[in-house]
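Here is the structure we will look at, set down as structure tokens.
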Amino acid sequence: MDRVGVLLLNLGGPEQLQDVRPFLFNLFSDPEIIRLPFPWLQKPLAWLISRLRSEKSKKNYEQIGGGSPLRRITEAQGKALGKKLAEIGQDAQIYIGMRYWHPFTEEAINHIKQDSIERLVIFPLYPQFSISTSGSSFRVLEEMWQSDSDLTRINYTLIPSWYDHPDYLTAMADLITRELDKCENPCHIHIFFSAHGVPQSYVDKAGDPYQAEIEACTHLIMKTLNRPNDFTLAYQSRVGPVEWLKPYTEDSLKELGKKGVKDLLVVPISFVSEHIETLQEIDIEYREVAKEAGIKNFYRVPALNTHPIFINSLAKLVTKSLQEPPCTFDTVIRPNRNLKSCTQKHYILKLFKKLISNIGKLLKKQELKIFIEFLR
């Protein structure tokens, strides 16, 4: 019998405050996060952005206990998935591969090779596909497959997206139902779906299916929920001045307040684990925005984490993928490489001007040397 492995992919997050800056550097070094006209600019710009944003980010992580719980929760999800697979007769070794922090995807692949895995299910913990999330991880893995002959002996398959899986939808509806039923007038609660945003150009010019999948997922959850509540979909976590998917969460909250909405239930739709975007951005920042907008009661649905129906959906997806023809790297959505890379050029120029005008304040001598090395 073949040795089966499941590689769970996720973003990763700093576990301590000292991890924040290198995590940000890794994040902004990814060309799928910031698209630049010249590859040699990627690391210098990532260095600069991480230098400028690290203190603010540290304060945000301090508000949620000093670090991200993402690794701990993902490992718990992996353990629960392995147990569920064993219960239904499918033995599999579970591996965790994070894109921007430990355990990195590369570390997971090394373990997979050491364990002589013969069949591998590559499973992003992003229900909806985006070139900036699942696509970025797939790109890294594809490069590894192309450069490492040992990996070509592994029969792999990808699960690009799974936002429409019935058990996933049931788990989401169950969490929403539980929160609604805690309220005095559950039918009067406005349900507010908040998804992580991406630049509008990724959808319009790069062919990213993310927005379509988010919108479809929202309607499928509401159909599964089968409640009469009004609902809204908006997008959070915008970075930089370029246009991202709209409406923005902050703007939508203000608009709902103007319309007289008093009771709001926020549903983090693109996240399956608690992390900085749920615990800090939604629970603290957007709660304050809602309060100032006149929304009296602000509730939030917890992330799926290890919800048993959710874990069941993961197990079903794994077994289904092992029974079907493999989905390979060359069959998933790829960004249109003719897309102009400098979609954020004004933001980038502003950052470099800020560096030059404040060089003495921003940089220590040693850091300046490191930056110059990056430019070379």
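In this note's numbering, the protein residues as written are 4 to 379.
Heads up, the beta-carbon is just placed ideally off N, CA and C, and yes, glycines get one too.
Every value quoted in this text rests on a predicted model; they were computed, and no experiment measured them.
DSSP places Asp266 in the strand class (E or B) of the three-state scheme. Just so you know, the alpha carbons of Pro127 and Cys186 end up roughly 34 Å apart. The Cβ-Cβ distance between Ser276 and Ala306 falls below 8 Å. By the C-beta density criterion, Arg75 is exposed, having fewer than 16 other C-beta atoms within 10 angstroms. Look at Gln239 here: in three-state DSSP terms it is strand.
Distance from Leu11 to Gln80 at the Cβ level is roughly 7 Å; contact confirmed, criterion being Cβ atoms closer than 8 Å. Secondary structure note for Gly8: its beta strand (DSSP E) is the uninterrupted segment 7 to 13.
Close CB contacts of Glu280 within its chain, under the 8 Å cut and outside five residues either way in sequence, are with His199, Gln239, Ser240, Pro271, Phe274 (chain order).
Taking 8 Å as the cut-off, the beta carbon of Gly260 is found no closer than this to the beta carbon of Ile287. If you draw a straight line from the Cα of Ala318 to the Cα of Lys86, it is about 9 Å long. The beta-carbon separation of Leu14 and Tyr159, rounded to 21 Å, does not stay under the 8 Å limit for a contact. Under DSSP, Pro202 shares a beta bridge with Trp247.
Taking Pro34 as the centre and dropping the five residues before and after it, the same chain places the C-beta of Gln45 closer than 7 Å to its C-beta, in chain order.
Between the C-alpha atoms of Phe132 and Val335 there is a straight-line separation of about 9 Å. Judged by DSSP secondary structure, Pro72 falls outside any beta strand (DSSP E); it is assigned neither H nor E.
Secondary structure of Met225 (DSSP, three-state): helix. Of Ala296, Pro72, His278, the smallest CA-CA separation from Lys262 is found for Ala296.
When DSSP reads this structure, Leu307 sits in no beta bridge, so it has no partner. Bounds of the beta strand (DSSP E) holding Val124 are 122 to 127. The C-alpha of Leu123 lies about 18 Å from the C-alpha of Ser316. Beta-bridge analysis with DSSP links Ile312 to no other residue. Closest in alpha carbon position to Leu223, among Val264, Met175, His191, Tyr251, is Met175. Judged by DSSP in its simplified three-state form, Pro25 adopts helix. Under the Cβ criterion (8 Å, minimum of three pairs), the stretch 42 to 56 counts as touching the stretch 23 to 34. Leu48: not part of any beta strand (DSSP E); member of the alpha helix (DSSP H) spanning 45 to 65, first to last residue. The beta carbon of Tyr64 lies closer than 8 Å to those of Pro17, Leu20, Val23, Gly70, Ser71, Ile279, Gln283 in the same chain, with the five residues before and after it left out.
For Ile97, the uninterrupted beta strand (DSSP E) run begins and ends at 96 to 101, by DSSP.
In the DSSP secondary-structure assignment, Tyr302 is bridged to Leu268. Distance from the CA of Asp333 to the CA of Asp211, rounded to the nearest whole angstrom, comes to 15 Å. Only exposed fits Ser152, as fewer than 16 other CB atoms lie within 10 angstroms of its CB.
Between Ile179 and Leu144 a beta carbon distance of about 34 Å is seen, past the 8 Å cut, so the two are scored as non-contacting. Linking Thr309 to Pro329 through their CA atoms gives a straight-line distance of about 27 Å. Taking a 10 Å sphere around the C-beta of Gln214, we find 16 or more other C-beta atoms and assign the residue as buried. Residue burial annotation: Met225 is buried, with at least 16 other C-beta atoms found within 10 angstroms of its C-beta. With contact defined as three or more Cβ pairs closer than 8 Å, the stretch 242 to 250 and the stretch 156 to 172 are not in contact. Taken through DSSP and simplified to helix, strand or coil, Ser255 comes out as helix.
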